[in-house]
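This report concerns only the one structure given below.
There are 2 protein chains.
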Amino acid sequence: MIDEYKDKIISFYQKNKRMPVYTEIMKLVGFKSKNAVHKLLNKLIEEGSLSKDNTGRLIPGRSFNEIPLLGLVEAGFPTSTEEALTDTIDIGNYLIKDKGSSYLFEVKGDSMIEEGIREGDLVIADKKGEPKDGDIVIAYVDGGWTIKFLKKKSGKTWLEPANKNYKPIYPTQELKVAAIVKGVIRKY
Amino acid sequence: MIDEYKDKIISFYQKNKRMPVYTEIMKLVGFKSKNAVHKLLNKLIEEGSLSKDNTGRLIPGRSFNEIPLLGLVEAGFPTSTEEALTDTIDIGNYLIKDKGSSYLFEVKGDSMIEEGIREGDLVIADKKGEPKDGDIVIAYVDGGWTIKFLKKKSGKTWLEPANKNYKPIYPTQELKVAAIVKGVIRKY
DNA sequence: GTTGACGGTGAACTAGCGTTCACCTATAAT
DNA sequence: ATTATAGGTGAACGCTAGTTCACCGTCAAC
Chain A
63 MIDEYKDKII SFYQKNKRMP VYTEIMKLVG FKSKNAVHKL LNKLIEEGSL SKDNTGRLIP
123 GRSFNEIPLL GLVEAGFPTS TEEALTDTID IGNYLIKDKG SSYLFEVKGD SMIEEGIREG
183 DLVIADKKGE PKDGDIVIAY VDGGWTIKFL KKKSGKTWLE PANKNYKPIY PTQELKVAAI
243 VKGVIRKY
Chain B
63 MIDEYKDKII SFYQKNKRMP VYTEIMKLVG FKSKNAVHKL LNKLIEEGSL SKDNTGRLIP
123 GRSFNEIPLL GLVEAGFPTS TEEALTDTID IGNYLIKDKG SSYLFEVKGD SMIEEGIREG
183 DLVIADKKGE PKDGDIVIAY VDGGWTIKFL KKKSGKTWLE PANKNYKPIY PTQELKVAAI
243 VKGVIRKY
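Read top to bottom, the protein sequences are chains A and B.
Per the working numbering, residue 63 is the first one in the first sequence, and the count goes up by one each step.
Per the working numbering, residue 63 is the first one in the second sequence, and the count goes up by one each step.
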């Protein structure tokens with residue numbers, strides 16, 4: 063019962079990007095009294111699904127933005143119902159450190175295929191930060207944009223693909239590293 | 063100036079998982095009057111960074127959860143400052159269709175390497191839905207959990223790795239498909 | 001049968017939120 | 001020089017949110 067209520071509140075949060083107020087929860091779960099809502103919320107807070115910040119305002123709990131991380135594939139789904147669902151992750155926070163300087167790009171071509179980056183994948187790139195040897199970067203080189211490994215050695219800087227069929231790129235004119243790739247996401 | 067204000071409000075939202083109230087915005091941006099906040103918000107709403115729902119409550123705009131998608135890597139960063147930043151994506155919504163039946167697993171081993179799924183990657187798997195031929199699945203087979211391609215043909219069902227060094231798995235006892243892989247994420 | 005805990009209704013109270021109005025001060029336009 | 005506009009202060013106000021109190025029926029424990 064209480065889990066149904068929680069799910070409804072979570073749905074509301076997902077949909078409206080904010081927590082519902084008492085009267086809205088009343089309608090959501092079918093109560094006729096704000097006091098019932100109050101007691102429900104206290105329970106949810108007690109079990110940790112929800113919390114209030116220092117000003118007493120309702121803020122979503124972990125289960126609102128995060129999804130459970132069940133460990134290694136080898137471990138499979140936890141047998142003992144409940145338990146072990148401790149770890150959860152907010153994918154956005156996991157992938158994006160510095161929002162505001164992060165951008166997504168769609169990958170074209172197979173030059174990074176051996177690194178597991180395929181055509182159609184999205185890569186998360188951060189404009190901030192100092193690119194290091196070995197980083198995957200979005201770079202402007204010799205008149206075009208590309209995604210490659212950045213190599214730095216003894217003062218030289220060049221790009222290397224992750225595909226035996228392509229050759230390293232030793233810039234003839236300019237090599238501008240615009241962003242460092244921080245993550246890859248693929249949807250099936 | 064106004065963009066600074068917006069960034070501060072966004073930061074507040076990221077941190078507290080809720081929109082600030084007028085007095086909080088006052089402190090955030092250094093105003094001494096709630097009316098100034100009111101006028102600021104009207105501007106932000108007008109330019110679409112923010113909005114109010116039908117009950118008049120403040121809800122975050124697209125820029126709060128989403129990050130810009132700049133198109134193909136080949137296109138690089140837009141030259142004309144501003145413009146073309148139209149497309150943005152909320153990574154969570156992009157990857158997860160049915161929250162509540164979605165789980166994350168960490169990949170071990172290299173059996174899916176040719177599909178671009180590597181050790182250490184996280185996969186998003188959905189318990190709901192009917193697994194089809196060709197889907198990547200989390201399955202329990204012959205006493206262990208694994209991630210593989212699901213193959214169905216003429217009444218037979220088996221698993222295939224994406225690695226020439228491994229052989230297909232024709233289940234001797236049981237084959238239980240527990241979840242369908244909907245996405246892959248990798249962090250560098 | 002009695003008691004107590006649980007989960008809910010209904011009503012009342014207060015703090016504070018969002019709005020509005022009057023007013024002020026630079027800066028730019030005329 | 002004058003005017004209009006943008007962007008801010010300060011105060012006042014109505015409304016509603018969250019809280020609290022009194023009360024009630026149901027079910028389980030004793």
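Using N, Cα and C, we set each Cβ at its ideal position, and we do this for glycine too.
In the three-state scheme derived from DSSP, where H, G and I count as helix and E and B as strand, B/ILE247 is classed as strand. DSSP places B/GLY133 in the uninterrupted beta strand (DSSP E) bounded by 129-134.
Nearest to B/ALA201 by alpha-carbon distance, out of B/GLU181, B/GLY162 and B/ILE231, is B/ILE231. Here B/ILE158 carries a coil assignment [DSSP, helix/strand/coil]. Non-local beta-carbon contacts of B/PRO193 in its own chain, meaning distances under 6 Å to residues more than five positions away in sequence, involve VAL199, LEU212, VAL239 and ILE242 in chain order. If only complete runs of 3 or more residues are kept, the region 182-246 of chain A shows the beta strand (DSSP E) at 184-188, 198-203, 206-215 and 218-222, in order along the chain. Scanning its chain for C-beta atoms nearer than 8 Å, with the 5 sequence neighbours on each side dropped, one finds around A/LYS215 the residues ASP195, in chain order.
Using a CB distance cut-off of 7 Å, A/LYS159 does not count as an interface residue toward chain B. Taken atom to atom, the span from the alpha-carbon of A/VAL83 to that of B/ALA137 is near 45 Å. Residue pairing from DSSP places A/GLU168 in a beta bridge opposite A/LEU184 and B/LEU134.
The C-beta distance from A/ILE87 to A/ILE107 rounds to 13 Å, too long to meet the 8 Å contact threshold. In the displayed model, B/SER113 falls within a strand according to three-state DSSP. The C-beta of A/ILE129 comes closer than 7 Å to at least one C-beta of chain B. Bounds of any alpha helix (DSSP H) do not take in B/ILE121; it lies within the beta strand (DSSP E) bounded by 120-122. Looking at the DSSP output, A/THR150 bridges to A/PRO130. It is roughly 51 Å from the alpha-carbon of A/PRO233 to the alpha-carbon of B/PHE93. With a cutoff of 7 Å on beta-carbon distance, A/MET81 and A/LEU120 are scored as near each other. Burial state of A/LYS68 is buried, judged by a 10 Å Cβ sphere holding 16 or more other Cβ atoms.
Straight through space, the alpha carbons of A/SER163 and A/LEU131 are spaced by roughly 27 Å.
For A/PRO122, the number of other beta carbons within 10 angstroms of its own is at least 16, and it is reported as buried. Where A/PHE74 is concerned, the enclosing alpha helix (DSSP H) starts and stops at 64-78. Shown here for A/GLU181: same chain residues with a beta carbon closer than 8 Å to its own, the five before and five after excluded, namely VAL169, LYS170, GLY171 and ASP172 in chain order.
Closer than 7 Å to the CB of A/TYR84 there is not a single CB belonging to chain B. Take A/ALA224, set aside five residues on each side of it, and the residues of its chain with a beta-carbon closer than 6 Å to its own are MET174, GLU176 and GLU177, in chain order. Taking all protein chains in view, the Cβ of A/GLY118 is surrounded by fewer than 16 other Cβ atoms within 10 Å, so the residue is classified as exposed.
Contact annotation for A/TRP207 against chain B: LEU134, VAL135, GLU136, ALA137, GLY138 and PHE139 [CB-CB distance below 9 Å, chain order].
Contact of B/LEU166 with chain A is assigned, a C-beta pair being separated by under 7 Å. Membership of B/VAL91 in the alpha helix (DSSP H) is indicated by the continuous run 84-91.
Closest in alpha carbon position to A/GLY205, among A/VAL135, A/GLY245 and A/GLN235, is A/GLN235. With its beta carbon less than 7 Å from one in chain B, A/LYS79 belongs to the interface. Sequence-ordered contacts of the region 220-248 of chain A with chain B read ALA240, VAL243, LYS244, GLY245, VAL246, ILE247 and ARG248 [C-beta pairs closer than 7 Å].
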